[in-house]
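Going down the list, the protein sequences come from chains G and A.
Each residue of the first sequence is one higher than the last, beginning at 1 in UniProt numbering.
Each residue of the second sequence is one higher than the last, beginning at 1 in UniProt numbering.
In what follows, a single structure is set out as structure tokens and then discussed.
There are 2 protein chains.
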Amino acid sequence: MAGIKDVAAAAGLSVATVSRALNNHPSVSPEARARVLAAVDALGYRPNAVARSLRTDQTRTIGLVISDVLNPYFTELARSVEEEARTRGYSVIIGNANEQPDLQDHHVRTLLERRIDGLLVSPADGRSPLMLDAAGGGTPMVFVDRWIPGVDVPVVRADGRAAVRDLVAHLHGLGHRRLAIIAGPAATTTGQERVDAFRAALHAFGLPLPDEYIGQGDFQADSGRRATERFLDLPRPPEVVFAADNLMALGALDAIRARGLRVPDDIGLAAFDDIPWFVHTDPPITAIAQPTADLARAAVRALVDLIEGRPPQSVTLPATLVVRRSCGEPPAPVPTTSQQRSNL
Amino acid sequence: MAGIKDVAAAAGLSVATVSRALNNHPSVSPEARARVLAAVDALGYRPNAVARSLRTDQTRTIGLVISDVLNPYFTELARSVEEEARTRGYSVIIGNANEQPDLQDHHVRTLLERRIDGLLVSPADGRSPLMLDAAGGGTPMVFVDRWIPGVDVPVVRADGRAAVRDLVAHLHGLGHRRLAIIAGPAATTTGQERVDAFRAALHAFGLPLPDEYIGQGDFQADSGRRATERFLDLPRPPEVVFAADNLMALGALDAIRARGLRVPDDIGLAAFDDIPWFVHTDPPITAIAQPTADLARAAVRALVDLIEGRPPQSVTLPATLVVRRSCGEPPAPVPTTSQQRSNL
DNA sequence: CTGAAAGCGCTTACAG
DNA sequence: CTGAAAGCGCTTACAG
Chain G
1 MAGIKDVAAA AGLSVATVSR ALNNHPSVSP EARARVLAAV DALGYRPNAV
51 ARSLRTDQTR TIGLVISDVL NPYFTELARS VEEEARTRGY SVIIGNANEQ
101 PDLQDHHVRT LLERRIDGLL VSPADGRSPL MLDAAGGGTP MVFVDRWIPG
151 VDVPVVRADG RAAVRDLVAH LHGLGHRRLA IIAGPAATTT GQERVDAFRA
201 ALHAFGLPLP DEYIGQGDFQ ADSGRRATER FLDLPRPPEV VFAADNLMAL
251 GALDAIRARG LRVPDDIGLA AFDDIPWFVH TDPPITAIAQ PTADLARAAV
301 RALVDLIEGR PPQSVTLPAT LVVRRSCGEP PAPVPTTSQQ RSNL
Chain A
1 MAGIKDVAAA AGLSVATVSR ALNNHPSVSP EARARVLAAV DALGYRPNAV
51 ARSLRTDQTR TIGLVISDVL NPYFTELARS VEEEARTRGY SVIIGNANEQ
101 PDLQDHHVRT LLERRIDGLL VSPADGRSPL MLDAAGGGTP MVFVDRWIPG
151 VDVPVVRADG RAAVRDLVAH LHGLGHRRLA IIAGPAATTT GQERVDAFRA
201 ALHAFGLPLP DEYIGQGDFQ ADSGRRATER FLDLPRPPEV VFAADNLMAL
251 GALDAIRARG LRVPDDIGLA AFDDIPWFVH TDPPITAIAQ PTADLARAAV
301 RALVDLIEGR PPQSVTLPAT LVVRRSCGEP PAPVPTTSQQ RSNL
């Protein structure tokens, strides 16, 4: 493969001049620049980013460690992160922790060895020593979605408290009193917060949250299935199950369906995190929506600020309740299209 | 940040010996190894993969260029690719082309400059010169899912012909005669093949595929929505719409719903690519399922073989029809659980 | 088993 | 505006 030396030889210039021409350094004569470009073209030269990174000590790359790519929320987050990073001249390398602490550490380690310029993390495990001292040590780092309390790193996330309160009000208004939650792992902030918010909201309505109405999940579908089965086996099953993420809601739906039960007639269901499919499930599912793309943008902005020496900004955005039919009683009637299938 | 020199100094050894110890080279005394490890620990040394790559001319990284991360099919593919690559000691960098040729090229270029050891591509655009000569030039490359005809690169993909035939037989058996398809971009092999297979299958049943029953989509949801609207505006709309991927099926569902029409009563719907949500949509959607994880594994295997100098293997796996209720008439009754909600 | 030294492909301060 | 040269942090052939 042609190197910068070959280009220099072909252009009749030094490698220094070639390098300058390629990096748009001002002090290069138009003529030299033209000769370089011609040589690059002729040889099919492709700069070696590895060598450049070694020399400049920057990779123009950020690492994104997320808990589960298969979760549509994180997929969208990843996509938006890449988009925003690209407009700022950065590439992103995604590490999928799949909710496993050791996998998370594997990716953090690999990313660090690759000398990424900064790390965007949604910690699957808040207690990883590796991550803790990466945060302490010089690597620019920003938490997104989930964070680790007590670590001095900017956090970009959504606050779901108000939306959870709205959800509980909605359920209460529908006459439901026995409300259960499938929680995420206690080792994650989102895992805890959503339970806390739910409990606080119930409390405000004078409702209890008995232990048997707290299912322990791990944000993946299987755990939602198992927790739901346990709920259904209870002497007094809950009237509504609130899944702390969309994958566990999918699992819950599977479990409910496997018993031949129907939503919302036999049991209600709501989820944290909204996805396009929730409009088309049977029935459409009431969910709490995060401003995912905005979070992604704010997170990248904070990280790039940190990398480039500007003061980064922590950001908290509100999540919002989207009422559909999975907890009973349709929402206020939607204006129907008058158009019928008259043309058949 | 501590470098190998610091480790050498702390261990009282040369950098050569440190390097050997860290790379498990056999000719290092146990004592030296121990001193190195201790020094590494004490200094928190983290090897610089950039420097190593420059020196060894390998990055132990493969690039994966996919057409759309938001498509659950590709998300799963990406996840399985990473998993398989990891067990073989490779990292993967994902480039999301988002079905845009220039974005695809951007990622291919970036990946090439990073000197990834090999490229796994599902071409969003089969005519990209960049990709074409990357394939010609020395970069180890394999196509997965989609490919580019006439390019000498191993291909790992699913063959959906039989499944499409099964689908048409199923629809015909249900009494449907006016069958439409929302096709993918003609610039992609999967875009073409699925139409071809559909047309061939219709032909076998003596059914026509009029032009107005071929909607032109781009594999993304919006295009499915638009194509479906056009179908519904026809004097004689189709009885069933077959979407060539799951995202366009989502769009179709949106469009159908927006008109106040119902599936399958007013119109039937089937999709290429199966996803977990199809079980829970209203109604559950009949789909053609690909062996995604197997494809991912085979693709990584082929690429790693190529990288490491072994002969790579092209692989074609069959896709299968999964009948649900979205085209009419429920499938043979499922054995119902006798368990009722008696415990309420 | 260990070390001194060359070199991977670039960028950039220094000199002209 | 251009070039010669040093150096980024490693690995590895060569010598001992």
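Using N, Cα and C, we set each Cβ at its ideal position, and we do this for glycine too.
From a predicted model like this one, the values you see are computed outputs, not experimental measurements.
Taking 8 Å as the limit between beta carbons, can you name the residues of its chain near A:T336, skipping five residues before and five after? Annotation note: pLDDT 46 at A:T336 (below 50); position unreliable, no value reported.
Please list, in chain order, the chain A residues whose beta carbon lies closer than 9 Å to that of G:D282. H280, T281, D282, P283, P284
Helix, strand or coil for A:Q104? Go by DSSP, reduced to three states. helix
Is the CB of G:R230 under 9 Å away from at least one CB in chain A? no
A:V300 by DSSP, collapsed to three states: which one? helix
Chain G partners of A:E329, CB-CB under 9 Å? Result: empty, since nearest Cβ-Cβ is about 17 Å, beyond 9 Å.
Contacts that A:R46 makes with chain G (C-beta to C-beta distance below 7 Å): L112, E113
Can you give the Cα-Cα distance for residue 345 of chain A and A:F272, rounded to whole angstroms? With chain A covering only 1 through 344, there is no way to say anything about residue 345 of chain A.
Taking 9 Å as the threshold (beta carbon to beta carbon), is G:H176 in contact with chain A? no
If we call anything under 9 Å between Cβ atoms a contact, is G:E84 one with G:A289? no
Contact criterion: CB-CB distance below 9 Å. Does G:P276 meet it with respect to chain A? yes
For the stretch 119–132 of chain A and the stretch 90–107 of chain G, state whether three or more C-beta atom pairs, one from each stretch, are separated by less than 8 Å. no
Threshold first: 4 residues or longer. Then list the alpha helix (DSSP H) segments lying entirely within the UniProt domain "HTH lacI-type" (2–56) of chain A, N to C. 4–11, 15–22, 30–43, 49–56
Partner residues on chain G for A:L70, Cβ-Cβ distance less than 9 Å: P72, T75, E76, R79
Whose C-beta lies closer than 6 Å to the C-beta of G:P72 among residues of the same chain, with five residues either side of it excluded? I275
Using beta carbons (cut-off 9 Å, strictly below), is G:E212 in contact with chain A? no
Note down, in chain order, all residues in the UniProt domain "HTH lacI-type" (2–56) of chain A with a beta-carbon under 9 Å from any beta-carbon belonging to chain G. G44, R46, P47, N48, A49, V50, A51, R52, S53, L54
Taking only the alpha-carbon atoms, compute the straight-line gap between G:L54 and G:A293 and give it to the nearest angstrom. 33 Å
Quick check: G:A135 and G:I182, are their CB atoms within less than 9 Å of each other? no
C-alpha gap between A:R114 and A:D254, whole angstroms: 41 Å
Using 9 Å as the limit for Cβ to Cβ distance, is G:S67 near chain A? no
Please classify G:Q220: is it buried, with 16 or more other beta-carbons within 10 angstroms of its beta-carbon, or exposed? buried
Short of 8 Å in beta carbon distance, which residues of its chain neighbour A:S326, apart from the five on each side in sequence? Order them along the chain. V263, P264, G268, L269, A270, T281, P283, P284, I285, T286
Hey, quick one: how far does the beta strand (DSSP E) through G:F143 stretch, first residue to last? 141–144
State the Cα-Cα distance for the pair G:Q340 and A:R324, rounded to the nearest angstrom. Because the pLDDT of G:Q340 is 37, which lies under 50, any placement of that residue in the model is unreliable, and the number read from its coordinates should be weighed accordingly. Cα-Cα distance, rounded: 26 Å.
Since A:S91 meets chain G, which of its residues come closer than 7 Å, beta carbon to beta carbon? T110
Give me the Cα-Cα distance between G:H25 and G:V18, rounded to the nearest whole angstrom. 10 Å
Residues within the stretch 247–277 of chain A neighbouring chain G, beta-carbon criterion of under 8 Å: L250, L253, D254, R257, A258, R259, G260, L261, D266, P276, W277
G:T59 touches chain A at which residues, Cβ-Cβ below 8 Å? V50
Do we get a CB-CB distance below 9 Å when we pair G:G138 with the residues of chain A? yes
If we define contact as Cβ-Cβ less than 9 Å, is A:R301 a contact residue for chain G? no
Are the C-beta of G:D196 and some C-beta of chain A separated by less than 9 Å? no
Which chain G residues are close to A:E82, counting only those with a beta carbon under 8 Å from its beta carbon? N96
Can you tell me where the alpha helix (DSSP H) holding A:A258 begins and where it ends? 246–258
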